[in-house]
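Here's the structure we're looking at; comments come further down.
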Amino acid sequence: MDLGNIAFSLAAGMSKRNSDKRYNCSAVATRATVYHRSNDNGGMGIKPDSTYRSRHVVAYDFTDLQLMYGNFHGADDKATDNDIRTKAVLEKKDGPDWVRIPLTIRGESLATIGPGGRVLTDPMGLKFVKGEEFFIYTYVAAPSGIWPGGMFLQRDVSGESGVLGDKTMDKDFVWNWNSTPFWAASQSISVGTWRRIADWKYMLKCTVAGTTGTTQPASTTDGEILTDGTVTWQVYQSAAVGVYGYTPLAIHGKTKEPKPSIAVIGDSIMWGAGDKNPINPSVGGDNYGFLIRAINNNFGYSALCISGEATRHFVGMRRKFRIRVTDGMTHAVVEHGINDVNQGRSFEEIQGNLLDIYNELSSRGMKVYACTLVPVTDSTDGWATEKNQSVKGNEAVRTRLNDWIRTTPAPLSGYFETADTVETSRNSGIWKQGMVLTTDNLGIHPSAAGHLAMMAAIDTSVFTV
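Residue numbers (my numbering): 33 to 497.
And the structure:
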């Protein structure tokens, strides 16, 4: 009897029974975003480091959270010229309480990422439930250089913001300064009350109750304790809004069953230009738009779209870093080509670039879907009417591209008829009234109503595995 083989067989059987039956998913949540630009000052004054708070929604039940970060930015995939240091903290509900949990990268709390580099945080063994909201605090430092900026963090969007310095574990991470009353003279103030001062970068929290003085305090020192009349305040640096934050490129996890993960690829239209923020309609819709609205938190995705990008910016060497963000993703949706049309490029040039993009994504195992291209027009009345619009000179190229996309050329798995939803008739080249953004005078971006119309063209039933 070969006891060695028996022991080996038993061990192999136990290994098989105990093996991880879960599936890796490259996008388990929303609002993972590529880096659009470089930040030489974090968008908040010349400082060497900042912390950014981003909001995400869970698309599927999952465990073993991992976040992807990188050190590159923009169309053409530019690597920065310097190392950056980063760390991440998860903020998640535990019962009624929000708690912050530091994540590690390669076992370290603070990781260095070289130019063009990419890292994943170590798996965090917590369970996340579909529909759950969570926040990520990302700290980034570049004492002698720049760092990438991606997600546009906007005012009053459920707490998204940026703040100077390392505030990843600061329990008083003050973000919603705009809703806090201004300081006023001779006011009775209780402990815990907040006031903002003329320099929006700083806020005051009362630590000893009393009555304010006659002159507004002035401070530029985070953490300073100051006296104002009979009130004692602690100074806190206020979070900034309207900045391009350093936030996760992708959010990975493990699911019990295979789940789709979507690479969102395109230009400013895909990025949401012209849309309205669904959480707060008083601000713009960057990081939203027709596809993200259609996804509606039901699918995990990474937005690799960059405002102003043309197809030639996502081919060959010009996608060498971003394309790695799609590793393991199951689907890709491409809205690309209208900037090329507007720049006067030929049908053959744009078609060649699109085929290069489609084939690259398909070769990486994704089902690829294209969007037909919306019009670009001039107007003599600010796009108030359809009759006073005129098509741009390269319109014949746009219609030819759309007719070609409608043939579902290989390797496409399908296409979404977005153009028909906002055009007066197929290939007319004229925006339906109300479907085009008028405030930028470009005639290229859908309005909020246009994004909603285009959303209806997205058949999310194709996102299956």
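Positions of the beta carbon are idealized from the N, C-alpha and C atoms, including for glycine.
| said: For a test of the three-state rule: what should DSSP assign to W436, helix, strand or coil? | reply: Reading the sequence shown from its first residue, position 404 is the one you call residue 436. Reduced to three states, the DSSP call for W436 is helix.
| task | Specify the secondary structure class of Y333 as computed by DSSP and reduced to three states. | result | Looking up residue 333 in the sequence shown gives position 301. Residue state, collapsed to three classes: strand.
| By how many angstroms is the C-alpha of T453 removed from the C-alpha of C403? | Numbered from 1 along the sequence shown, position 371 holds the residue referred to as residue 403. Numbered from 1 along the sequence shown, position 421 holds the residue referred to as residue 453. In a straight line, the C-alpha of C403 is about 12 Å away from that of T453.
| query | Which residue or residues does DSSP assign as beta-bridge partners of F166? | reply | In the sequence shown, the residue the question calls residue 166 occupies position 134. H88, per the DSSP bridge assignment.
| request: Would you mind listing the beta strand (DSSP E) stretches within the segment 77-163 that are 3+ residues and don't spill past its ends, in chain order? | output: 81-89, 94-102, 116-126, 129-134, 143-145, 150-152 and 156-160
| query | Are at least three pairs of beta-carbons, each pair with one atom in the segment 93-107 and one in the segment 273-289, less than 8 Å apart? | reply | yes
| request: Identify, in the order they occur along the chain, each residue of the same chain with its Cβ nearer than 6 Å to the Cβ of D307, setting aside the five sequence neighbours on each side. | output: Reading the sequence shown from its first residue, position 275 is the one you call residue 307. Contacts found: G317, Y320, G321, A480 and H483.
| task | Let me know the secondary structure DSSP gives Y390 once reduced to three states. | result | Position 358 of the sequence shown, counted from the start, is the residue given in the question as residue 390. If DSSP states are grouped into helix, strand and coil, Y390 belongs with the helices.
| Name the DSSP beta bridge partners of K286, please? | Mapped onto the sequence shown, residue 286 falls at position 254. N56 and T95, per the DSSP bridge assignment.
| field | Bridge-paired residues (DSSP) for I229 | value | By 1-based counting over the sequence shown, the position of residue 229 is 197. I229 is not bridged to any residue.
| For G242, which residues does DSSP report across the bridge? | Stepping through the sequence shown from its first residue, residue 242 is reached at position 210. Paired residue(s): I221.
| task | Would you identify the three-state DSSP class for G181, choosing helix, strand or coil? | result | Position 149 of the sequence shown, counted from the start, is the residue given in the question as residue 181. Three-state result, G181: strand.
| Among I133, M398 and S411, which has the Cα closest to the Cα of G360? | As a first step, residue 360 must be located in the sequence shown, where it is residue number 328. It is M398 whose Cα lies nearest to the Cα of G360.
| request: Could you check the C-alpha separation between N208 and D202 for me, to the nearest Å? | output: Position 176 of the sequence shown holds residue 208. Position 170 of the sequence shown holds residue 202. Note that N208 scores a pLDDT of 49, beneath 50, so its modelled location is shaky; the value from the coordinates is reported in the next line. Each residue's Cα considered, the two are about 15 Å apart.
| Rounded C-alpha distance that separates W463 from G414 | Start at 1 with the first residue of the sequence shown, and residue 463 comes out as number 431. Start at 1 with the first residue of the sequence shown, and residue 414 comes out as number 382. When rounded, the distance between both Cα atoms is 12 Å.
| Where does V497 sit, in a helix, a strand or coil, going by DSSP? | For this step, residue 497 is matched to residue 465 along the sequence shown. In the structure shown, V497 sits in coil (DSSP, three-state: anything other than H, G, I, E or B).
| query | Which two residues bound the contiguous alpha helix (DSSP H) that contains I301? | reply | Translated into positions along the sequence shown, residue 301 becomes position 269. S300 to W303 is the span of the alpha helix (DSSP H), which, as asked, contains I301.
| request: Look at F353 and F104 and say whether their C-beta atoms are less than 7 Å apart. | output: Within the sequence shown, numbered from 1, the residue matching residue 353 stands at position 321. Within the sequence shown, numbered from 1, the residue matching residue 104 stands at position 72. For F353 and F104, yes; Cβs fall inside 7 Å.
| task | Put D202 into one of helix, strand or coil per three-state DSSP. | result | Position 170 of the sequence shown, counting from 1, holds the residue named residue 202. It is coil, neither helix nor strand.
| task | Alpha carbon to alpha carbon, how far is S300 from H477? Give it in angstroms, no decimals. | result | As a first step, residue 477 must be located in the sequence shown, where it is residue number 445. As a first step, residue 300 must be located in the sequence shown, where it is residue number 268. Approximately 8 Å, taken between the alpha carbons.
| request: Look at L142 and T153 and say whether their C-beta atoms are less than 7 Å apart. | output: Position 110 of the sequence shown, counting from 1, holds the residue named residue 142. Position 121 of the sequence shown, counting from 1, holds the residue named residue 153. No.
| query | Who does R69 pair with in a DSSP beta bridge? | reply | The residue you call residue 69 lines up with position 37 of the sequence shown. G181.
| query | Does the beta-carbon of V90 have 16 or more other beta-carbons within 10 angstroms, so that it is buried, or is it exposed? | reply | The sequence position of residue 90 within the sequence shown is 58, counting from 1. Burial call: buried.
| field | CA nearest to the CA of G261, picked from T253, G242, G255 and Y278 | value | Taking the first residue of the sequence shown as position 1, residue 261 is located at position 229. Considering only alpha carbons, the answer is G242.
| request: Return the CA-CA distance between K162 and V497, expressed in angstroms with no decimal places. | output: Stepping through the sequence shown from its first residue, residue 162 is reached at position 130. Stepping through the sequence shown from its first residue, residue 497 is reached at position 465. The alpha-carbon atoms of K162 and V497 are separated by roughly 18 Å.
| message | Please list the terminal residues of the continuous alpha helix (DSSP H) segment that includes H483. | response | Taking the first residue of the sequence shown as 1, we reach residue 483 at position 451. Looking at the DSSP string, the run of the alpha helix (DSSP H) that includes H483 is A480 to M487.
| message | Give me, in chain order, the residues of the same chain whose beta-carbon lies closer than 6 Å to that of G74; leave out the 5 immediate sequence neighbours on both sides. | response | Reading the sequence shown from its first residue, position 42 is the one you call residue 74. Caution is warranted here: a pLDDT of 45 is assigned to G74, below 50, making its placement in the model unreliable, and no coordinate value can be reported.
| message | Checking 7 Å against the spacing of the C-beta atoms, do Y390 and V406 come in under that value? | response | Here the question's residue 390 lines up with position 358 in the sequence shown. Here the question's residue 406 lines up with position 374 in the sequence shown. The answer is no: Cβ separation not under 7 Å.
| message | Just to confirm, is the Cβ distance from H88 to R63 under 7 Å? | response | By one-based count along the sequence shown, residue 88 stands at place 56. By one-based count along the sequence shown, residue 63 stands at place 31. Contact: yes.
| task | For V131, count neighbouring C-beta atoms within 10 Å of its own C-beta (all shown protein chains included) and say buried if the count is 16 or more, exposed if not. | result | As a position in the sequence shown, residue 131 is number 99, starting the count at 1. Classification for V131: exposed.
| task | Go ahead and label M235 buried or exposed: buried means 16 or more other beta carbons lie within 10 angstroms of its beta carbon, across all protein chains shown. | result | Here residue 235 refers to the residue found at position 203 of the sequence shown. So M235 ends up on the buried side.
| query | Under three-state DSSP, which class holds I370? | reply | One-based indexing of the sequence shown puts residue 370 at position 338. I370 falls in the helix class under three-state DSSP.
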